Each structure stands twice: as C-alpha cells, then as structure tokens.
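> Protein chains in written order, with the working numbering: chain L, 782 to 1180; chain S, 782 to 1180. C-beta: ideal position from N, C-alpha, C; glycine also. Predicted model, so just to flag it, every value in this text is computed and none were measured.
Number of protein chains: 2
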Amino acid sequence: MLLDQDPAHAFMPYPAVEPAHAGGGPLAGLTFAVKDLFDVAGYPTSAGSPVVLALSGIKPRHAEAVRLALDAGGRFVGKTVSDELAYSLNGRNIHFGTPRNGAAPDRIPGGSSSGSASAVSNGLCDVALGTDTGGSVRAPASHCGLYGLRPTHGRISLDGCARLAPGFDTVGFFARTGAHFLRAGQAWLGRDAAPLPASPRLLRAAEAFALADPGAQPALAEAQARIERRLGPAGDASLGPVALEDLHWAFRYLQADEAWREHRDFLLRYGPPLEPAVAQRFAWGRDLDPAQVENARKVQADWRRRLAGLLGGDGVLLLPTMPASAPRLDEQGDGLESYRYRAVHLLCLAGLAGFPQATLPLARHDGAPLGISLIGPPGSDLSLVELAAAIAPADPSAA
Amino acid sequence: MLLDQDPAHAFMPYPAVEPAHAGGGPLAGLTFAVKDLFDVAGYPTSAGSPVVLALSGIKPRHAEAVRLALDAGGRFVGKTVSDELAYSLNGRNIHFGTPRNGAAPDRIPGGSSSGSASAVSNGLCDVALGTDTGGSVRAPASHCGLYGLRPTHGRISLDGCARLAPGFDTVGFFARTGAHFLRAGQAWLGRDAAPLPASPRLLRAAEAFALADPGAQPALAEAQARIERRLGPAGDASLGPVALEDLHWAFRYLQADEAWREHRDFLLRYGPPLEPAVAQRFAWGRDLDPAQVENARKVQADWRRRLAGLLGGDGVLLLPTMPASAPRLDEQGDGLESYRYRAVHLLCLAGLAGFPQATLPLARHDGAPLGISLIGPPGSDLSLVELAAAIAPADPSAA
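#1: Check whether chain L comes within 8 Å of A835/S, counting only Cβ atoms and requiring the distance to be less than that.
#2: Strictly below 7 Å CB to CB, what residues from chain S border V832/L?
#3: Cutting at 6 Å between CB atoms, please list the residues of its own chain near A1179/L, excluding the five before and the five after it.
#4: Residues of chain L with a CB under 8 Å from the CB of A1146/S: which are they?
#5: Against chain S, does G971/L count as a neighbour if the rule is that its beta carbon must be under 8 Å from one of theirs?
#6: Mind listing which residues of the stretch 1035-1054 of chain S have their C-beta closer than 8 Å to chain L's C-betas, in chain order?
#7: Any C-beta of chain S sitting closer than 8 Å to the C-beta of H961/L?
#8: From which residue to which residue does the beta strand (DSSP E) around F954/S run?
#9: I need the DSSP call for D940/L, collapsed to helix, strand or coil.
#10: Can you have a look at Q786/S and say buried or exposed, based on whether 16 or more other CB atoms are within 10 angstroms of its CB?
#11: Compare the Cα-Cα distances from H924/L to each of R881/L, P831/L and S980/L and report the closest residue.
#12: Which residues bound the beta strand (DSSP E) around I1156/S?
#13: Quick one: list the residues of chain L neighbouring G838/S, beta-carbon separation under 8 Å, in chain order.
#14: Below 8 Å, how does it come out for the stretch 1157-1167 of chain S and the stretch 1114-1129 of chain S: are there three or more Cβ pairs, yes or no?
#15: To the nearest angstrom, how far is it from the Cα of I1008/L to the Cα of I1172/L?
#16: Is A789/L near A900/L, with beta carbons less than 8 Å apart?
#17: Would you check if the distance between the CB atom of T912/L and the CB atom of T879/L is smaller than 8 Å?
#18: Helix, strand or coil for R1078/L? Go by DSSP, reduced to three states.
#19: I'd like to know whether the C-beta of H1029/L is nearer than 8 Å to at least one C-beta of chain S.
#20: Quick check on the DSSP output: what are the complete alpha helix (DSSP H) runs of length 4 or more inside the stretch 819-904 of chain S, in order along the chain?
#21: For chain S, check one thing: does any of its Cβ atoms lie closer than 8 Å to the Cβ of H790/L?
#22: Is the stretch 1063-1077 of chain L in contact with the stretch 1040-1051 of chain L, if contact means three or more CB pairs nearer than 8 Å?
#23: Check whether the stretch 960-973 of chain L and the stretch 845-852 of chain L touch, using three or more Cβ-Cβ pairs below 8 Å as the test.
#24: How many angstroms separate the CA atom of V1074/S from the CA atom of R1033/S?
#25: Going by the DSSP bridge assignment, what does Q786/S pair with across the sheet?
#26: Between which two residues does the beta strand (DSSP E) carrying D1017/L extend?
#27: Have a look at D1027/L, Y1120/L and V1059/L and flag the residue whose alpha-carbon is nearest the alpha-carbon of L1133/L.
#28: How many whole angstroms separate the CB atoms of P1104/L and A993/L, which I take to be in contact at a CB cut-off of 8 Å?
#29: Taking a contact to mean a Cβ-Cβ separation below 8 Å, would you say F955/L touches A1169/L in this structure?
#30: Using a Cβ-Cβ distance under 8 Å, would A1180/S count as near chain L?
#31: Does any CB atom of chain C fall closer than 8 Å to the CB of P1054/S?
#32: What did DSSP end up calling A1170/L once you bin it into helix, strand or coil?
#33: Return the CA-CA distance between L851/S and S894/S, expressed in angstroms with no decimal places.
#34: So the candidates are P1101/L, S830/L and D1095/L; which of them puts its Cα closest to the Cα of L945/L?
#35: In or out: A884/L buried (at least 16 other Cβ within 10 Å) or exposed?
See below:
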C-alpha cells in the first residue's frame, strides 16, 4: 500500500506500486482504496483468501472499475482486506485480520468489503470500491457510518473483479460525506438510464422497519423525518404477498447455489482451509435440493415484478439498512449467525430484484452508527446518490 | 508449481516459473522442491504466513541453497507449504492446509517443513529443501519415513531464506532413498571440514531411548541392530550431568526469545492472525524473564562442551528421532502439545549444540514410520549422510 501507516489494518500490505491517474475529473484531489477483489496492475488479488493470493500472480491490467477511478482523477492508495472469498457480512478474516471500524472501534466493521469501509471510516482515504453480493457494501457502510451504494445489477462492470455469485455480484462504493458520495457516483456511474424525478415518491417498507431492533426505532424515525423533509411524507408500502422470511430464503438458496458453482473447481482442487462459517455456506450450496433452487427463482421473479410495480419509475423504498448497529468485536458464532439471519431479511430485497440501494449514515443506535436506505428502480443509481447527497448533513470537511 | 497435479496439497499453488538448471552434477536427473521459506526468483515467499505472502512481492534472486541445487543439476518443481512462520512441529497450516503424509495418510506429516516431506514421501519430487530450527526437518522426516539432515549450524547458507530463530536456524533436506540422500548431501554440503573415520564410534543415548514410547522399543532395537551391523556394537553414553528436561527448557527459552526478537516488528506492525499455538509461543517469548534466558545460555554452553567431549572427532550418538510415530490427523490441542513437549527433549540435543543430525527411516511403530538418528561432531555432515546411505536398505527405485 501507499500509506506510511495503517493503524486500522484496513489494507493488504502489498509492496507499493502507484498507478498513474488523470489530472482532472470527479475524483480529482481525492484518494481511493480498492477491495482486494479488483485487479490493480502490479498487484496480486487475494479475494480475502491466502490460497487465491498464492494462485494470483501479479495482475497485468486494472479492473474496469479501477480504471474508471483513475480516469476520474482519483489517487489510488491501496488494496483493502476482504472477508474470505467475500462470503460473509462480518468483516473478520481469520487469515488477514479484522479491519478497525473507524466509527465504532469496539464493533466489527461489517463485510465483506471490510477493509474499504475501515479505510474510509478511519480517514485513510476518501472513497473506496467494494463489492455487494448479499450486502457486502451496505452492511459495512451501515456499521461504519458511511454512505454506500449497491448499484443496479450490471451497472458497474465486474471486469477484472473476482466473483462470488455472478447473478447477484455488484460493484459498489463508500464515502464518508455526501459530497464525496456524489463525486464517487459521478466517477463510477456516469449518467442514469432511468433517472428519478427531482422529488420521487417515498414509500416506507413497514415490514422491514418491524425487523429492526426496538431500541433503534426512535433513531430510525428521526432519520426518516430528515428524509421526509426533503421528499415529503412517506406513503406505506406493503411488500407482500410473499413474506420477507421467504424472500430471505430464496436469496440464500440462489446465492449459495451460485457461489458453490462459481467456486466448486477451486475448492475441490485446492482444498483451502476456510473460515468454518464460510465453509458451511459452500457446503450448504453444494447440497441444495435443485427443486428448492428452482422454486427460489420463481420467488425472485415474482418479487422483482412486485418491487417494479411498487416503485414504477418515480418511487423509492425506505428501509433500515441493517436491523441494528454493529455487533461487538467479541461476538461469536451463534450470535453472529442470528444477526446475519435477520440482516439478510433486509439486504435481500434489493439483491433479489437487482435494484440499486443507497445507504445513508443518518441514525445511531446503542452508541454506534446505523444506516437507513433508499431502494430505487433499476437505472436510477446516480439519482439515488444525488438524493443521498442532498439529504446529507452539511460536513465542514466535505470538498 | 510445475507439476500437473498435487493430490498431496504439498505445494503452494504459485503460477509456474521454471528456473534454468545445470546439465550435470550430483542432482542431475533428479527433481527437487523447496520449502516456501527460500526465495526462488520469479516467486513470492510466504514462510507459511498469508501476511508475509502479501508483503513479499516477487523475489528477484534465488536463495543460495536453491542456487546450489540448480547448479547441481536438479530440476525445481515447486515451493512447498510450511507451518506458519515455521514455528511448529505439526505440519498443519490453518491458512494453506495440511500436506498429506505419503507414508501414513491418516497421520500428520510433521513440520514445519511439512510440504517438503509430503512432496518427497508422495513421490512428487526426489529430494527437497527444508529448514530445521527446533526439529522442522527431523520431525517430518521421521513421520513421513524419509532420510533427513539437520546440518551443523551455519553449514548451508541461509542467504535468501526466512528466519525463525537465527541462532538455531539451519537449512536441511529430505530424500526417500539412501542413494538420493547421498546425492543431496553432495549437492548441498560439499566436502566435510571434519570428516568422520570410516567406522566411527557408536554411542547409544540411553536417556533418549527411554523417552520413546514403550511400544516403539522393539522396532528401535532392530534399527539399532542394523546400524551396529555396519558400525559395531554401540557403547553407552550418559548425557548428564544436565537432565534432558533442563536441556529441553533451555532450548525452548532460547528459541522463543530469538523468535520473538526476530518477528517482533512484524507482529506488532501487522497484527497477523496467527494459529493459536504459534501465537502463544511468540507471546511466551515476549514475556520471558531475561534471567531465564541468560541461564539457558549457560546450559547451552555446558551441553555443547559435554557433547563435544562425548563425540570427539570420531563418535556418533544414536537416538530415536521422535518419541513415537506421527499423531493421527484428528489429534488436537493438548495431545499435540504433550507430544511436542516430549519430542523437543530429543530434538533439542543437536539443536542446542549446533551439531549435525541425520535421521534414517529404519523403524516402524503403530503402523507408521519412526526415524532413528545419528548426531555427529560439527563439520561431519557429509560423513553422516554417507553413513546413512551405507546403512540404508537397498531400494530398487534408487538411481
């Protein structure tokens, strides 16, 4: 990495190679970091796995999202730690360590884009690239008090980026301020194919709010009020007829099925010793009943239609990003699995549909940040980022 | 690595770069592997640690021991898995896996030169480089049914090799047959400064034999008889006045003290998540009482004088390499620590003194190999290897 110090253990400690960047553009004067799933010429790519790192060799070319950032004038400062094979929401890596949550140092940072969220939240860079398959940008953004975008599926190229489950993989990003979030959006998104109107319809997902911790409700209500001051009062949206519980299972089946197919050859050939929870997820994907997977696809298609109908071209869905602020660093096994179970109920909504979701750091709960999110129609990504930037509190450090 | 297949998981899966080798020499026609502590130009070096691997970059030069093998006509086939930072005798690496013991697939291979012993014992190469600080060649050689040499301290250059505890670190090697062991000795040792006579005095370390499992005694006695057929009846050697227990502690203090000093900056700066037993050893080295370390140095100096007196220029000490055959793969925590404790009583004798030790795969116990060893005076390394080759059973596959 290119920094003198990394007190947050956010970065992979690769020998520094600094790629050239454009002199101007939306990221001019800003620094950026890159989750170690993206190739950067002159570096290996680990995907959070020591065995993938050994296999990697030095990459000759930048991933497309890295090239976009350099062309937008951003200065690359390093590659960041990822959860192993990006298949976790926790932000702990038994091989490379746990990056520090800059907003709540006694909490897990969230993952799998843990190092990117850590680097931005600790002020070690301005913006950062992550990936979000099942929540890997949104969860750490919520935990670390950052703006984060999971874009429309396919919006930012995955070229040169390691995959987890291709049907759900997206390239996303983090920023500490609304102003930086907007510049990141301009760099990585370009123009919207389907921009939102200036004041979109706000729809409140009551079933999603009901999943958040009771203690978090007052702060979430305040965050909602701040958004309503911009967009007007939220209407109620019913997500049914399919229950969140079923949507959540559909997402998990499909993600696990794809993740197993994507990694099968690697896992069988090299037998890498995985973090136990990650190993269990792959084994579960291996052993899934094809009928369950087939049914999950139907649930997915129904949900996509349902959400498209709710949002039309002018609606945004309001929901808590995560059910609570980040678990403490000493939280183990069952506690984390139960937290993950609840979190996926919220995270699956945009993921299953392939719709964009922006998370805003507008709430706090139990002394740590909690994000609130807007899901927009496909292709409205930059509009969501612009909305988030317009809603963001003024920040004296924002450029 | 340069092999098509590695069913033993012995090798680090680096992209293949084949260095040139001489057309003739003692290793002509033989293949060799290299523990991933040695630099090979075109490869990174991990020392069994994902964080060291990330820091490594691609090495521009061969380690001196690698250069010797290439100059001796050996063909390099790959870098092998090491225990984490080479600080274990087990041969399990939580980041890169457990190489298969080719002689006893249900047993641990032993470490830290686990991948090298695995590669040779599975027939994936002919000879292999390892390092031995506290037993990391001798233990896996014994467990995998191989010939192995821990040389006189300083005999083979450590240039381009990662360190564990420099006062004890040595470069050693493995072979499957006596004939290959001899050719490896010719390649890596050159001529002896202090060769043994053709028929050295054989001294039996009764206190060391007493530490071996009762069930292993008949096989060890047979192995002794085979050696005596070559060298004549063994005389009795008393190791005292210092008890093996005290020698063992002296070794552990000194090794832990040096290992902590060697890795202190790395551990404090990067906070790598270590295998728990390895982390404990470093923490123990950090917290040692300097008076204990000072006393251990006196014990070491006394033992070196004692052993030099016993062996003179013409004696070799006979002892079991390990207290028993390899623990089973499912052996955990306390069982392995207790095995390590007993093993270090035997392994510390050559290590503390800096004298060379050759282990020969002449015994079996409980259905798996067990080595028997000869310790010679400093500088008698090639003589020991020649003795081992002369004692070795005929092997039809030996070149």
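So, to answer that:
#1: yes
#2: Simply P794 and F877.
#3: Legend: pLDDT at A1179/L = 43, less than 50; position of this residue unreliable, value from coordinates given subsequently. Excluding sequence neighbours, A1179/L sits near T958 and A960.
#4: Note that residue 1146/S corresponds to His in the displayed sequence, not to Ala. Correct list: empty, because the minimum Cβ distance to chain L is about 29 Å.
#5: G971/L is outside the set of residues whose beta carbon lies under 8 Å from a beta carbon in chain S.
#6: Y1051, G1052, P1053 and P1054
#7: Answer no: the Cβ-Cβ gap between H961/L and chain S never drops below 8 Å.
#8: T951 to A956
#9: coil
#10: Counting every other CB atom within 10 Å of its CB across the protein chains shown gives Q786/S a total below 16, marking it as exposed.
#11: R881/L
#12: Where I1156/S is concerned, the enclosing beta strand (DSSP E) stretches over A1149 to I1156.
#13: Y795 and P796
#14: no
#15: 6 Å
#16: yes
#17: T912/L is not a Cβ neighbour of T879/L, given a cutoff of 8 Å.
#18: helix
#19: No, its Cβ sits nowhere closer than 8 Å to a Cβ of chain S.
#20: 831-837, 845-852 and 895-902
#21: So yes, H790/L belongs to the interface.
#22: By the Cβ test, the stretch 1063-1077 of chain L is in contact with the stretch 1040-1051 of chain L, since at least three Cβ pairs between them sit closer than 8 Å.
#23: yes
#24: Spanning the two alpha carbons is a distance of roughly 10 Å.
#25: Q786/S is not bridged to any residue.
#26: G1016 to A1018
#27: D1027/L
#28: 5 Å
#29: It is not a contact, given that the beta carbons lie outside the stated cut-off.
#30: A caution first: A1180/S carries a pLDDT of 40, below 50, which makes its placement in the model too unreliable to give a value.
#31: The structure shown has no chain C; the protein chains it does contain are L and S.
#32: helix
#33: Inter-residue distance for L851/S and S894/S is about 20 Å (C-alpha atoms, whole angstroms).
#34: S830/L
#35: buried
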